[in-house]
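**Q** Okay, here's the structure, questions in a sec.
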Amino acid sequence: MFIGIVSLFPEMFRAITDYGVTGRAVKNGLLSVQCWSPRDFTYDRHRTVDDRPYGGGPGMLMMVQPLREAIAAAKTAAGEGAKVIYLSPQGRKLDQTGVCELATNQKMILVCGRYEGIDERVIQTEIDEEWSIGDYVLSGGELPAMTLIDSVARFIPGVLDVRRQQKKTLLPTDCWTARTIPGLRCWKGWRYRRFYCRETMPRYVAGA
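Here my numbering runs 5 ahead of the position in the sequence shown, where the first position is 1.
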């Protein structure tokens, strides 16, 4: 799977490429993550990427030209068929059903906004879909993009072991409350009782 990132802070994505499940996926060649900064597509000495909204309003917006050129570079690297996604508070709420849908794409480009967002003309001309991870304020689209990458990467064949790979697509209605106790039966007075079923045990770390 190829995922292109358009972000003013590409260094943040080392958390995805260097660590954990996604880091192993990158190392094993199952996932490719490449970043483009709009600042690399500016032509003034200050490398300006933001400007005031036309007609007034609070804050600044990311400018059309650097964004469009960064997206174009990402599209060239991805090849045909790449879906361009903007991480936006106005977007569709990301849930497991949405993750399943996104995982069917072998090529995605994620656009991360900053300031008060991006120029609407970029959304109208370049963006295929908008996605949100929740109704709260963040400083930019980088953390939502990392959330999306982490959740989607788990669907790539070979990233997880076979048993977990088979189970991860559909979630039971009680999956968020399932509990387990691996490892030690007793810790500081907390004793594992044999009558717990796997679905209702409190969840503790093995060997703690």
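Note that the Cβ used here is the ideal one computed from N, Cα and C, for glycine as well.
Quick check: K88 and M113, are their CB atoms within less than 8 Å of each other?
**A** Yes, they are a contact pair.
**Q** Between C40 and F7, is the Cβ-Cβ spacing less than 8 Å?
**A** The answer is no: Cβ separation not under 8 Å.
**Q** Look up E85 in the DSSP assignment and say whether it is helix, strand or coil.
**A** Correct three-state label for E85: coil.
**Q** At a Cβ threshold of 8 Å, is E131 touching chain D?
**A** The structure shown contains no chain D; it is built from a single protein chain.
**Q** What first and last residue would you give for the beta strand (DSSP E) that runs through E135?
**A** Its beta strand (DSSP E) spans residues 134 to 137.
**Q** Alpha carbon to alpha carbon, how far is I10 from G60?
**A** Straight-line Cα distance between these residues: approximately 30 Å.
**Q** Between which residues of its own chain and P15 is the CB-CB distance below 7 Å, once the five residues before and five after are set aside?
**A** Cβ neighbours of P15 beyond the five flanking positions: C40, S42.
**Q** Among L35, D45, N110, K98, whose alpha-carbon lies nearest the alpha-carbon of G78?
**A** Checking the sequence, you will find Ala at residue 78 rather than Gly. Nearest option by C-alpha distance: D45.
**Q** Reducing DSSP to helix, strand and coil, say where V26 ends up.
**A** The answer is helix: DSSP assigns V26 an H, G or I state.
**Q** What's the call for D124, buried or exposed, on a 16-neighbour Cβ count within 10 Å?
**A** Per the 10 Å Cβ criterion, buried.
**Q** Pick helix, strand or coil for D56, following the three-state DSSP scheme.
**A** Three-state DSSP puts D56 in a strand.
**Q** For V157 and V104, I'd like the C-alpha separation in whole angstroms.
**A** Rounded to whole angstroms, V157 to V104 spans 6 Å at the Cα level.
**Q** Find out if the Cβ-Cβ distance for the pair G145, G118 is shorter than 8 Å.
**A** Yes; because the gap between Cβ atoms is below 8 Å, this pair is in contact.
**Q** Can you name, in chain order, every residue of its own chain whose Cβ lies under 6 Å from the Cβ of D56, other than the five neighbours on each side?
**A** Within the same chain, D56 has close Cβ partners M68.
**Q** Buried or exposed: E147, going by 16 or more other Cβ atoms within 10 Å of its Cβ?
**A** Its Cβ being crowded by 16 or more others within 10 Å, E147 is buried.
**Q** Closer than 7 Å by C-beta to V127: which residues in its own chain qualify, once you throw out the five before and the five after it? Chain order, please.
**A** Closer than 7 Å at Cβ, skipping near neighbours: V69, L72, R73.
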